[in-house]
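Asks: In case it helps, mature numbering (1 follows the signal peptide of the UniProt record, and there is no 0) puts the sequence shown at residues -27 to -1, 1 to 381.
Backbone N, C-alpha and C fix where the C-beta goes; we use that ideal spot for every residue, glycine too.
Quick one: the structure is below, and I'll ask about it shortly.
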Amino acid sequence: MLVVSKSLLITLSLLLLRTMRFGLVAGHKVTATLIMNHNYPVEEHTVHTTDGYILTIYRIPTSFKSQELNDTIPKKVVFLQHGILCASDDWIINGPETSLAYMFADAGFDVWLGNARGNTYSRQHKNIHPDTSDFWRFSWHEIGVYDLAAMLDYALVESKSNSLHFVAHSQGTTTFFVLMSSLPWYNEKVRSVHLLAPIAYMRNHSFILSKLGGIFLGSPSFLSWVLGSMELLPITSVQKLMCEYVCSEGSIFQFLCSGLLDFIGGWGTRHLNQTLLTDVCATHPAGASTSQIIHYLQLYSSGDFRQYDHGREQNEIIYKQAIPPSYNVQNIKSCVEMYYSENDYMSAVDDVEYLASLMPCVELYRIPYSDWNHYDFLWSTNVKEVINNRIIDKIRIYDREHETSLRL
């Protein structure tokens, strides 16, 4: 009976993953179009990682709202990195008055938007086709040590800067922890760090699918081997069509769209901007590797923040030890500001505070709303007042104090 159940589960899982690819929208890239539609200049850049992946990132070099400011003051660089199953669109779909990318541009910053391997904008490799499992043989560890490293280096070279300000959400924060722990010399390349809904330790994770997934996929098994290294939830034409009817304002089914975000990010929020649901649905999920999800489930099951568990035999070959090595967050010398909330299913309060206790330089900011969830950090109606203004003010203070210290 157990064998039959396991076989059925594997078959259904594989069928689900394959059918999710039906109607895949090739080249469905809206970041540049949205930025231009809002009258901001935009540049598209191609970044090559050392392991062969080809990433597309975007730059907003200036703003029509502050042309004089941008012409007379050397710009500081800010880099924004998205979360899992997300993309550069996250930072702009809330519109020019509220989206953090536009607010940075208006404030005189040189703004860069990253895209991790496997999402809508970064489905290329110099040798491997994305229709093969080899393309998807990565987790967020590789996104950290290869993608994020390459994107930061590229932005610094192009902007002729030595360091930058870094902002990330969700998995983007995980990749930051990975990079700075694994390659600590990158700490010298960031001026200030602002992390929204940070994820590293997941001992107190409350998402029901994590609890269920942890049982089947939280440790190396035949099932995790079968389901690993596959494309997960890319944008499809069917999804785009559905979004227009289901998530649009006035639709009797709109509650399904907001309900899905509540289910994943935290029930009961009063802050989500409902008018964004069509745009969110049309650009999300943006694709990922199943191994990224499995890696998170491993963290939940182990209670540790550590590298991918390939099983004892492979671990001995890859890591020279039976258990994956833990990330040494003591290596993160950059001063980090973490934003977290009570109602975030992906980033538990106790886990964030435990992580902060291990790091050398951390400032915690707990959102003063008990119903604030994982996606409110991006798309709430009051995100400008609660988070964005604070981040920009913090960065301005840092730059002012840093420049003063250099003159002394």
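1) Residue range of the alpha helix (DSSP H) that phenylalanine 149 falls in?
2) Threshold first: 4 residues or longer. Then list the alpha helix (DSSP H) segments lying entirely within the stretch 176 to 200, N to C.
3) So the candidates are His142, Tyr371, Lys99; which of them puts its Cα closest to the Cα of phenylalanine 52?
4) I need the DSSP call for serine 299, collapsed to helix, strand or coil.
5) Around the Cβ of threonine 19, are there at least 16 other Cβ atoms within 10 angstroms (buried) or fewer (exposed)?
6) In its own chain, which residues sit with a C-beta less than 7 Å from the C-beta of tryptophan 352, not counting the 5 before and 5 after it?
7) Tell me which residue opens and which closes the beta strand (DSSP E) that aspartate 83 is part of.
8) Taking 6 Å as the limit between beta carbons, can you name the residues of its chain near glutamine 212, skipping five residues before and five after?
9) Could you spell out where the beta strand (DSSP E) holding glutamine 54 opens and where it closes?
10) What does the alpha-carbon distance come out to for the pair tyrosine 318 and leucine 73?
11) Taking the alpha carbon of threonine 251 as the point to measure from, which residue in Glu222, Ile237, Leu234, Arg279 has its own alpha carbon closest?
12) DSSP three-state call for tyrosine 127: helix, strand or coil?
13) Cα separation between alanine -2 and proline 207?
14) Using a Cβ-Cβ cut-off of 6 Å (strictly less than) and excluding sequence neighbours within five positions of leucine 121, which residues of its own chain qualify?
15) Judging by CA-CA distance, which residue of Glu16, Phe77, Ile30, Tyr31 is the nearest neighbour of residue 392?
16) What is the rounded straight-line gap between the Cα of serine 61 and the Cα of glycine 145?
17) Please report how far the alpha carbon of threonine 6 lies from the alpha carbon of glutamine 287, in whole angstroms.
18) Could you tell me the alpha carbon to alpha carbon distance between histidine 257 and tyrosine 159, rounded to whole angstroms?
19) Is proline 47 buried or exposed, if buried means 16 or more other CB atoms sit within 10 Å of its CB?
20) Hey, could you find the ends of the alpha helix (DSSP H) arginine 285 is sitting in?
21) Near histidine 138, which residues of its chain fall below 6 Å by C-beta distance, leaving aside the five closest residues on each side in sequence?
22) In the structure shown, what three-state DSSP assignment does glycine -1 receive?
23) Using 8 Å as the threshold, is the stretch 321 to 337 in touch with the stretch 229 to 237, meaning 3 or more CB pairs across them?
24) Is it the case that the Cβ atoms of histidine 283 and proline 193 are separated by a distance below 8 Å?
25) Looking only at its chain, what residues have a beta carbon closer than 8 Å to the beta carbon of glutamate 374, apart from the 5 residues adjacent to it on each side?
26) Counting Cβ pairs, one atom from each stretch, are 3 or more of them under 8 Å apart for the stretch 23 to 39 and the stretch 109 to 123?
27) Under the three-state reduction of DSSP, which class applies to isoleucine 30: helix, strand or coil?
28) Given aspartate 79, which residues of its chain have a CB within under 6 Å of its CB, disregarding the five upstream and five downstream residues?
29) When DSSP labels each residue in this structure, what does histidine 11 get in the three-state scheme?
30) Would you call the CB atoms of lysine 49 and phenylalanine 82 closer than 8 Å?
31) Looking only at DSSP bridge pairs, what is phenylalanine 139 linked to?
32) Taking C-alpha atoms, which residue in Leu129, Pro171, Cys308 lies nearest to valine 335?
33) Distance check for valine 199 and phenylalanine -6, CA to CA, integer angstroms please.
34) Is the Cβ-Cβ distance between serine 112 and asparagine 301 less than 8 Å?
35) Verify whether the separation of the beta carbon atoms of isoleucine 65 and threonine 4 is less than 8 Å.
36) Roughly how many angstroms lie between the CA atoms of histidine 268 and glutamine 280, to the nearest whole one?
Replies: On the basis of the data shown:
1) 144 to 155
2) 181 to 190, 195 to 200
3) His142
4) strand
5) exposed
6) Asn67, Leu245, Asn246, Leu249, Val253
7) 83 to 86
8) none
9) 50 to 54
10) 23 Å
11) Glu222
12) helix
13) A caution first: alanine -2 carries a pLDDT of 44, below 50, which makes its placement in the model unreliable, though a value can still be read off. For alanine -2 and proline 207, the distance between alpha carbons rounds to 10 Å.
14) Thr148, Leu152
15) This structure leaves residue 392 out entirely; the chain is present only between -27 and 381.
16) 11 Å
17) 44 Å
18) 30 Å
19) exposed
20) 285 to 291
21) Val51, Arg164, Ser165, Ile368
22) Because the pLDDT at glycine -1 is just 46, under 50, the model does not fix this residue reliably, and the value given afterwards should be weighed accordingly. Here glycine -1 sits in coil by DSSP.
23) no
24) yes
25) none
26) yes
27) strand
28) Ser36, Lys38, Ser39
29) coil
30) yes
31) Phe52, Val166
32) Cys308
33) The predicted position of phenylalanine -6 is uncertain, since its pLDDT is 41 and thus under 50; a value taken from the coordinates is nonetheless stated next. About 20 Å.
34) no
35) yes
36) 8 Å
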